[in-house]
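Q: Questions regarding the structure given below will be posed in turn.
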Amino acid sequence: MEALGKTWNLLKRVSVAAPGNEHFELARESIEDRRYNVDVLIGLAARHGLVGVLADFLIDSGTSAFVPHRTRKYLVESLSFGRHKTADYLREAASIARAAEAQGLDIAFTKGIVCQQEFYSGRGSREFADMDVMISPTDAGAFTALMESLGYTNRKRYRARTGSWEDFSAADRAMYLLHPDHLPPFFKVNGDARLPRSHSLDAAFSLTWHDSPWEVSLDKALGSIRTVFCQNENAEAGLPALAIEYDYLFHLLHLFREGWFERSIIEKDVRLSQFVDLWRGWHLLDMPTRASLAALVKENKIEAPVAWVCHHLDRVFGLDTVGTLGLRQYCVHEWIASGARPGGYFQWDGDMDGRLLGLDFDRTPTSDAPTPELRPRNA
């Protein structure tokens, strides 16, 4: 267990390391000391979407020789693939952005395609599965037509495993009818055999979710679009994105959604890489922007979900985002250890580190709201 703890702490340190910061030097020393299990390190990095980040660090820090040859080869090739895929998606995103601008549609790219540039300096180390955009629900029809004109469809799903198109299942169709905060995902076959066989894009209408007790004004979010210049050695693109505070807020709320609802937890529980995104993004926010973020949280009355995420972020990485955003009063145990299940709630023991490691996540069902003052209208 001690070796696992040391290996986990090393991965956390590597994940936020950058040349010049203290984590970079400490992580390099830890790699050279070899007081960790390299196989466990690689396995944890793969599970948490951090293989590219680990490979990038080993190369940058000159410590790749401390990893076995075959493992090193896998890491380097994974990073190379990530950079090639990022360039491919940048070119594709740029074509979508140009088409949307030509038709007067307001769209904002979010999450991976923007995050890989701003939080990871466009190094191609940040893994992401698809492109994500935020659009107004009133533009759903026009956006669908635009995507179809570019060769995409959201009437079928492309399965790379079989190389074939499949109809959405009845369960999938029901989900999009019952939870209309997204369009069904768009797919287009990708002709580059070196990459996954299809491009995919997810279009959302909300920073939270359908029928959420918490909501953020989408009109205001889309009314503050900026351009993020993304580039790597093989591609570059200026992409429309949400204002910095809205972009960071969306990362917070997306993690809450995946970490608080049991249905999301069962499908794919939160990953360390999501907390890494938040750590890196937080350190890019200057004090005026942090103040704007705090005001945005208060204005939209979303203190509870933001506090839930920030509390766990602080515990994992030793930050004080809760204090900076003025959310300490919301961090009562009943709320921080809560989640939502069908027809009720649950409480869980342990901490987020243990949960991320798959060690401590026993859930106890309860019908009681986490606390009366934080009780959402719909669980």
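In this text, residue positions in the sequence shown follow this note's numbering: the first is 10, and each later residue adds one.
Note that beta-carbon positions come from the ideal geometry of N, C-alpha and C, so glycine has one too.
Keep in mind that this is a model prediction, so the values were computed, not measured.
Under the three-state reduction of DSSP, which class applies to Lys120: helix, strand or coil?
A: The residue labelled residue 120 in the question sits at position 111 within the sequence shown. Here Lys120 sits in coil by DSSP.
Q: Does DSSP put Ser273 in a helix, a strand or coil?
A: Position 264 of the sequence shown, counted from the first residue, corresponds to residue 273. Ser273 falls in the helix class under three-state DSSP.
Q: Could you spell out the range, first to last residue, of the alpha helix (DSSP H) harbouring Leu35?
A: Here residue 35 refers to the residue found at position 26 when the sequence shown is read from its first residue. Start and end: Glu31 to Asp42.
Q: Mapping the DSSP letters down to three states, classify Val198 as helix, strand or coil.
A: Stepping through the sequence shown from its first residue, residue 198 is reached at position 189. Strand, per DSSP.
Q: To the nearest angstrom, report how far apart Pro28 and Leu63 are at their CA atoms.
A: For this step, residue 28 is matched to residue 19 along the sequence shown. For this step, residue 63 is matched to residue 54 along the sequence shown. Taking the straight line from one Cα to the other gives about 14 Å.
Q: Starting from Gln283, follow the alpha helix (DSSP H) in both directions and report where the run begins and ends.
A: Your numbering for residue 283 matches position 274 in the sequence shown. Where Gln283 is concerned, the enclosing alpha helix (DSSP H) stretches over Leu281 to Trp291.
Q: Helix, strand or coil, according to DSSP, for Glu245 in the structure here?
A: Here residue 245 refers to the residue found at position 236 when the sequence shown is read from its first residue. Looking at Glu245 - three-state DSSP - the assignment turns out to be strand.
Q: If you drop the 5 nearest sequence neighbours on each side, which residues of the same chain put their C-beta closer than 6 Å to that of Ala346?
A: Within the sequence shown, the letter at position 337 stands for residue 346. The answer, listed in chain order, is Gln356 and Trp357.
Q: Considering just the uninterrupted stretch of the alpha helix (DSSP H) at Arg364, what are its terminal residues?
A: Residue mapping note: residue 364 aligns to position 355 of the sequence shown, counting from 1. It spans Met361 to Leu365 - the alpha helix (DSSP H) in which Arg364 sits, taken as one unbroken run.
Q: Does the beta-carbon of Pro351 have 16 or more other beta-carbons within 10 angstroms, so that it is buried, or is it exposed?
A: On the sequence shown, residue 351 is found 342 positions in, with the first residue counted as 1. Exposed: under 16 other Cβ atoms inside 10 Å.
Q: With a threshold of 16 other CB atoms inside 10 Å of the CB of Asp141, please say whether the residue is buried or exposed.
A: As a working mapping, residue 141 is identified with position 132 in the sequence shown. When all chains shown are included, Asp141 counts as buried.
Q: Restricting to Cα atoms, I'd like to know which of Ser70, Asn30 and Lys310 is closest to Ile40.
A: In the sequence shown, counting from the first residue as 1, residue 40 sits at position 31. Nearest option by C-alpha distance: Ser70.
Q: If you draw a straight line from the alpha carbon of Gly348 to that of Asn46, how long is it in whole angstroms?
A: Translated into positions along the sequence shown, residue 348 becomes position 339. Translated into positions along the sequence shown, residue 46 becomes position 37. Approximately 33 Å between the Cα atoms of the pair.
Q: DSSP three-state label for His219, please.
A: Numbered from 1 along the sequence shown, position 210 holds the residue referred to as residue 219. Coil.
Q: Look at the alpha carbon of Arg266 and the alpha carbon of Thr217, and state the distance between them as a whole number of angstroms.
A: As a working mapping, residue 266 is identified with position 257 in the sequence shown. As a working mapping, residue 217 is identified with position 208 in the sequence shown. Taking the straight line joining both Cα atoms gives about 8 Å.
Q: Under the assumption that Leu281 contacts Ser87 (Cβ atoms under 8 Å), give the Cβ distance between them as a whole number of angstroms.
A: Locating residue 281 in the sequence shown gives position 272, where the first residue counts as 1. Locating residue 87 in the sequence shown gives position 78, where the first residue counts as 1. The Cβ separation is near 17 Å, so there is no contact.
Q: Indicate the three-state DSSP secondary structure (helix, strand or coil) for Cys340 in the structure shown.
A: Reading the sequence shown from its first residue, position 331 is the one you call residue 340. Coil, per DSSP.
Q: Would you say Trp223 and Pro297 are within 9 Å of each other, going by their C-beta atoms?
A: Working through the sequence shown from its first residue, we reach residue 223 at position 214. Working through the sequence shown from its first residue, we reach residue 297 at position 288. Cβ distance not < 9 Å, so Trp223 and Pro297 don't count as in contact.
Q: Whose C-alpha, out of Ala96, Ala117 and Thr16, is nearest the C-alpha of Tyr255?
A: Translated into the one-based positions of the sequence shown, residue 255 becomes position 246. Per the Cα distances, Ala117.
Q: Okay, do the region 268-282 and the region 297-306 touch, 3+ Cβ pairs below 8 Å being the bar?
A: Judged by Cβ distances under 8 Å, the region 268-282 makes no contact with the region 297-306, as fewer than three pairs qualify.
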